[in-house]
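Heads up, the thing below is written out as structure tokens.
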Amino acid sequence: MTETKKQKKYALIGTGGRSSFFYSAIATTYKDTSVVVALCDTNQTRLDFANAQLASLGHAKVPTFKAADFDRMIYETKPDEVIVTTIDRTHNIYIVRALELGCNVVTEKPMTIDAPRCREIFDAVERTGKKVRVTFNYRYAPHNTKVWELLRSGAIGTVTSIHFEWMLNTSHGADYFRRWHRDKRNSGGLLVHKSTHHFDLVNFWLSSRPETVYAQGDLKFYGRENAEKRGVQSFYTRAHGSEVAKKDPFALHMENNEKLKKMYLDAEHEDAYYRDQSVFGDGISIEDTMNLLVRYQNGAVLTYSLTAYAPWEGFRVSFNGTGGRLEMEVIENSYVNSGGDQSLEGSLEKRTITLRKLFEKPQDVEIPDSVGAHGGGDEVLLADLFGERGAEINQDMRAASHIDGALSILTGICANKSIASGQVVKVSDVFVL
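This is the structure in structure tokens:
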């Protein structure tokens, strides 16, 4: 008789847009190795929606718990691991408590939003001996892995400088200014919430750590004041029920999207969270135009820019080295979080890698095929998290720990401090690993 392998048990807290990425994979592709045992959120309507989604995928419905009953959920359902997909400012609360209650943690990026919260997580890991994984899906995209392989092989010698430009377009980029992310107290701003992906890639590619950060950033496009400067005269607070919003190409009409309606519009009576706020309203405290200069411990210097209102979505990155230059351009398809097929979020439209060795003709680098969200990284990440081939997938060290999570956000945290002070910020003055 063949022994059935025990399924790993997962509880998930935070049933907003990103949560279905995890529970859908567990309910379908990884149902033999993994199982959801509980869902937790501040909002019962969203909990019920997530439970119904699980059932529609063939997974049994599971007990649901309000966030105030997080400890009771752990005691009653006894998960092996807790998946954290709450708003960023609360990640540390549930990461730390899950560790203290004996669970390992899988958390969405960013791991947290500031140094004190980061220290809480580090102390809890040391105190409990449990593990934290941060889900940096971009590490797993084949083109990003290929860059890592080329740099590691010495294809351009020693890397001396990097220029990295990321564009968020007026669909995906604008979406951060409709949601809770628009308040820096919730997200740390885009330099923490979004750029954590990009800074993690640089750390991964260089096998190094940030040392000093200088940054400038401002709100140049979104927000009421900027719209007024461009001559806009009609405004609204949120799209739902607004006649003005019907004429605004930036407005999000949740009533026209079944998933957004069920997850957010139908849930507003519980927590007054409005998913469809005007991107040209008041109360936005994050930047939409950001530029950084970062020195790494290995001596390389990064120039980085993030624009959240570009006409196309994707990035360009170039590495200069003592033996040549490596260039990559990636164009991604546009999306709105939870507004469509999740497998298409950040999917590829075009990608190229060019290797230019000194005194040689340029070479177009062959990139392994990939499909799906975030440049094909999502599916590989899920296989690493929930499948049986983790060790094989991770031979190139793509799994990110709490240390990697900290190193990625520290660039953004120091950038926020630099923007506020106008000074160069030393990473070790902010946080010591």
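In our numbering, the protein residues as written are 1324 to 1756. Glycine included, C-beta positions come from ideal geometry on N, C-alpha and C. Owing to the predicted nature of the structure, the values given are computational and were not obtained by experimental measurement.
Counted within 10 angstroms of its Cβ, other Cβ atoms place residue i as buried (16 or more) or exposed
i	result
Phe1682	exposed
Ala1723	buried
Thr1365	buried
Gln1600	buried
Leu1704	buried
Thr1327	Because Thr1327 carries a pLDDT of 44, less than 50, the predicted location of this residue cannot be relied on, and the following value inherits that uncertainty. Result: exposed.
Lys1507	buried
Glu1578	exposed
Asp1707	buried
Pro1402	buried
Gly1381	exposed
Met1720	exposed
Arg1319	There is no way to answer for residue 1319, as the model of the chain reaches only from 1324 to 1756.
Ala1550	buried
Glu1431	buried
Ser1670	buried
Asp1727	buried
Straight-line Cα distance separating residue j from residue i
i	j	result
Ala1590	Asp1411	20 angstroms
Val1536	Asn1614	11 angstroms
Ile1418	Trp1471	29 angstroms
Arg1440	Ala1729	10 angstroms
Ser1379	Ala1373	10 angstroms
Ala1633	Phe1544	10 angstroms
Ser1451	Gly1425	Sequence check: residue 1451 is Thr here, not Ser. If you take the alpha carbons of Thr1451 and Gly1425, they lie about 7 angstroms apart.
Ile1416	Ala1390	11 angstroms
Ile1732	Glu1636	22 angstroms
Asp1446	Ala1574	43 angstroms
Glu1449	Ile1436	20 angstroms
Thr1325	Lys1331	Here Thr1325 scores only 35 on pLDDT, less than 50, and its place in the model should not be relied on; the value that follows carries that caveat. Rounded to the nearest angstrom, the two C-alpha atoms are 18 angstroms apart.
Asn1656	Glu1399	42 angstroms
Glu1610	Arg1505	9 angstroms
Leu1461	Phe1642	For the sequence presented, residue 1461 should be read as Tyr rather than Leu. Approximately 18 angstroms, taken between the alpha carbons.
Arg1395	Gly1339	21 angstroms
Arg1553	Ala1738	29 angstroms
Ser1628	Phe1522	11 angstroms
Phe1487	Ser1741	19 angstroms
Gln1367	Ile1690	44 angstroms
Ala1375	Lys1384	7 angstroms
Tyr1346	Leu1377	7 angstroms
His1592	Leu1362	20 angstroms
His1520	Val1755	21 angstroms
His1427	Gly1745	Here the sequence assigns Asn to residue 1427, which means His is not the residue at that position. Their backbone Cα atoms lie some 39 angstroms apart in a straight line.
Asn1621	Ser1531	6 angstroms
Thr1409	Pro1685	45 angstroms
Phe1603	Glu1548	8 angstroms
Asp1752	Tyr1559	43 angstroms
Leu1473	Leu1588	47 angstroms
His1495	Gly1512	15 angstroms
Asn1492	Ile1654	11 angstroms
Asp1594	Arg1456	29 angstroms
Arg1501	Thr1351	32 angstroms
Gln1539	Asp1605	22 angstroms
Leu1370	Val1359	13 angstroms
Nearest-angstrom beta carbon gap, residue j and residue i [assumed within contact, 8 angstroms]
i	j	result
Asp1541	Thr1612	6 angstroms
His1414	Val1405	Between Val1405 and His1414 the Cβ distance is about 11 angstroms, and since that is not below 8 angstroms, they are no contact.
Glu1652	Thr1675	5 angstroms
Gly1700	Ala1438	Contact flag wrong, Cβ pair sits at about 28 angstroms.
Thr1481	Thr1626	Actually they are not in contact, since the Cβ atoms of Thr1481 and Thr1626 sit about 18 angstroms apart, beyond 8 angstroms.
Thr1734	Pro1433	No, Thr1734 and Pro1433 are not in contact; Cβ-Cβ is about 11 angstroms, not under 8 angstroms.
Phe1709	Ile1349	6 angstroms
Asp1759	Thr1677	Absent from the model: residue 1759. The displayed extent of the chain is 1324 to 1756, so no value can be given.
Ile1479	Arg1639	Not confirmed; about 16 angstroms, so no contact.
Val1624	Ser1518	17 angstroms between Cβ atoms; not a contact.
Leu1583	Arg1598	7 angstroms
Leu1524	Asn1580	Not quite, the Cβ-Cβ distance comes to about 31 angstroms (not below 8 angstroms), so this is no contact.
Residues sharing a beta bridge with residue i, DSSP
i	result
Leu1678	Leu1649, Gln1686
Ser1357	Lys1331
Phe1487	Tyr1627, Val1640
Thr1387	Leu1362
Gly1540	Met1613
Ala1723	Val1457
Glu1655	Glu1636, Leu1671
Thr1368	None, per the DSSP bridge assignment.
Lys1749	Thr1535
Asn1492	Ala1633
Val1482	Gly1644
Ile1336	Cys1363, Val1407
Arg1561	Gln1600
Any chain B beta carbon closer than 7 angstroms to residue i
i	result
Tyr1398	The structure shown contains no chain B; it holds only a single protein chain.
Check: residue i C-beta below 6 angstroms from any heavy atom of the ligand ZN
i	result
Ser1484	Questions concerning the ligand ZN fall outside what the structure shown contains, since it holds no ligand whatsoever.
- Taking the runs of the alpha helix (DSSP H) that are 4 residues or longer, which of them lie wholly in the region 1566 to 1642? 1581 to 1586, 1591 to 1594
- Message: To test your reading of the DSSP string, which unbroken beta strand (DSSP E) runs of 3 or more residues are found completely within the region 1393 to 1458?
- Response: Taking only runs of at least 3 residues, the beta strand (DSSP E) segments lying wholly in the region 1393 to 1458 are 1404 to 1407, 1427 to 1430, 1455 to 1457.
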